[in-house]
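In the working numbering, the protein residues as written are 2 to 434.
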């Protein structure tokens, strides 16, 4: 038995839903734009669940779980969640019917080059946290929060007097993803690469705090325009978003707590985060625009743009004189004094060795990424490249070959961003659920 093909345009489903086009397709399902022939051709979304297995036991179990979860969705009644109309089965196909949201996802904003200010992201969090609180109160966990699954409704869709804040919509609750996960013996996880917390990826366990983790990752992506694979150093298993942006005083503390590796160390509810954001002690007027740090190096490392450090004698010496010293190769009687002030003559060979090893590792990682055949190989290449970048950033700015370091850092950061984009694209084609 082969996997069911997508329904062609103009197909009539359930004697009322006319297929207009396919909106999207993933590993376990596809989404159609349809018009309701029994309701003045109202546009709706028809979601088809396509099980990844054709085994009869799994198909039967899938149907039961699908119906049960559809009943849960039917209980949701919130202005920021697409209305759920029902579910049905036709010709061995399982369908859900929901409102069609005319607007733009935050993924689309990012793809257009939009980077959001701190003030915008704080408001974004304030608008979404009540929605999470609502579903969590009903013991429902979204499991798949990311910029892909938050939409801004077109302003033309606003009702008169309606506030724009109510037009952030949380979509794609991944109900069928949960159903598939429960009935297959394969290790499949509901979630999105880079956004889902460790307990979800490693163990398949989800809590309300898992949604808060994913929400924090999404906020950082909006602030930086960088994917999680760039912001998280898997080699050190540490978030390094502070290398890319500078935020006001209190927001980093909130984000870091939402990103805690252990679920118990995070805020335990959306209400807690919301209360923190609304606390009078919270900065009321954060900068209108996030300060982007360029180039992106750890805060405890020198800035490769060459900011003057008065405590470093290297910064006091004219660069022409410094270059001349190295060119003469030590024939000046004052070379020992210069070496002491530069503090790099004795260690130059050491850092040159670090540089050579790191660049070799980076080039190997880039070649491996180009040949990667699956998501795991691509992620491994990204990890090795990030490790090389970290080693390069440990080279002090006052070595005589730092110009080369700066040059390759820019090159490798750019390559890492390209790999992150590929990872994001591949994760859509091969979803973890």
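For glycine and all other residues, C-beta sits at the position ideal for the given N, C-alpha and C. Computed from a prediction, not measured in an experiment: that's the story for all the values here.
- Should residue 69 be labelled buried (16 or more other beta-carbon atoms within 10 Å of its own) or exposed? Under a 10 Å Cβ-count criterion, residue 69 is classified as exposed, with fewer than 16 other Cβ atoms of the shown protein chains found around its own Cβ.
- Message: Tell me which residues share the same chain as residue 108 and place their Cβ nearer than 8 Å to its Cβ, disregarding the 5 neighbours each side in the sequence.
- Response: Contacts found: 147, 148 and 149.
- Can you name, in chain order, every residue of its own chain whose Cβ lies under 6 Å from the Cβ of residue 386, other than the five neighbours on each side? Same-chain partners within the cutoff: 363, 366 and 417.
- Message: Taking 6 Å as the limit between beta carbons, can you name the residues of its chain near residue 323, skipping five residues before and five after?
- Response: Because residue 323 carries a pLDDT of 36, less than 50, the predicted location of this residue cannot be relied on, and no value is offered for it.
- Task: Please name the residue in 13, 31 and 204 whose C-alpha comes closest to that of residue 37.
- Result: Closest by alpha carbon: 13.
- Query: Which residues mark the beginning and the end of the alpha helix (DSSP H) in which residue 213 is found?
  - Reply: Boundaries of the alpha helix (DSSP H) around residue 213: 209-225.
- Which residues in the same chain as residue 424 place their Cβ atom closer than 8 Å to its Cβ, once the five residues preceding and following it in sequence are excluded? Residues 194, 195, 228, 230, 376, 379, 380 and 383 of the same chain have their beta carbon placed closer than 8 Å to that of residue 424, with the five preceding and five following residues left out of the count.
- Message: So, with DSSP's three-state summary, where would you put residue 51?
- Response: In this structure, residue 51 counts as coil in the three-state DSSP scheme.
- Item | Three-way DSSP call (helix, strand, coil) for residue 327 in this model | Confidence at residue 327 is low in this model, with a pLDDT of 38, below 50, so its placement is unreliable and no value can be given for it.
- Message: In chain order, what are the residue ranges of uninterrupted alpha helix (DSSP H) at least 4 long that sit wholly in the stretch 69-152?
- Response: Those alpha helix (DSSP H) runs which fall completely within the stretch 69-152 and span 4+ residues are 107-112 and 119-138.
- Are the stretch 251-270 and the stretch 108-117 touching by the rule of at least three beta carbon pairs closer than 8 Å? Touching, no.
- What do you get for residue 71, buried or exposed, if any count of 16 or more other CB atoms within 10 angstroms of its CB means buried? By the neighbour-count criterion, in which 16 or more other beta carbons inside 10 Å mark a residue as buried, residue 71 falls on the buried side.
- Could you pull out every residue in the same chain whose Cβ sits closer than 6 Å to the Cβ of residue 427, ignoring the five residues on either side in sequence? Answer for residue 427: 376, listed in chain order.
- Task: Mark residue 398 as exposed unless 16 or more other C-beta atoms lie within 10 angstroms of its C-beta, in which case mark it buried.
- Result: Looking at its Cβ environment, which holds 16 or more other Cβ atoms inside 10 Å, residue 398 is buried.
- Examine the Cβ distances between the stretch 137-144 and the stretch 72-82 and report whether three or more of them are shorter than 8 Å. For the pair of segments examined, the stretch 137-144 was found to touch the stretch 72-82: the number of CB pairs separated by less than 8 Å reaches three.
- Message: I need the boundaries of the alpha helix (DSSP H) containing residue 381, first residue and last residue.
- Response: It spans 376-394 - the alpha helix (DSSP H) in which residue 381 sits, taken as one unbroken run.
- Item | Three-state secondary structure (DSSP) of residue 18 | Strand.
- Task: Note down, in chain order, each residue of its chain lying with its Cβ closer than 7 Å to the Cβ of residue 162, except the 5 sequence neighbours on either side.
- Result: For residue 162, the predicted model reports a pLDDT of 49, less than 50, meaning its position is unreliable and no value from the coordinates is stated.
- residue 21 beta carbon less than 7 Å from that of residue 97: Not closer than 7 Å, so no.
- Message: Please identify the residue among 123, 250 and 206 whose C-alpha is closest to the C-alpha of residue 216.
- Response: When only C-alpha atoms are compared, the closest one is 123.
- Message: Shorter than 6 Å, the distance from the beta carbon of residue 263 to the closest heavy atom of the ligand COA, or not?
- Response: The ligand COA is not part of the structure shown, which contains no ligands of any sort.
- When the Cα atoms are used, what is the spatial distance from residue 145 to residue 223? So the alpha carbons of these two residues sit roughly 16 Å apart.
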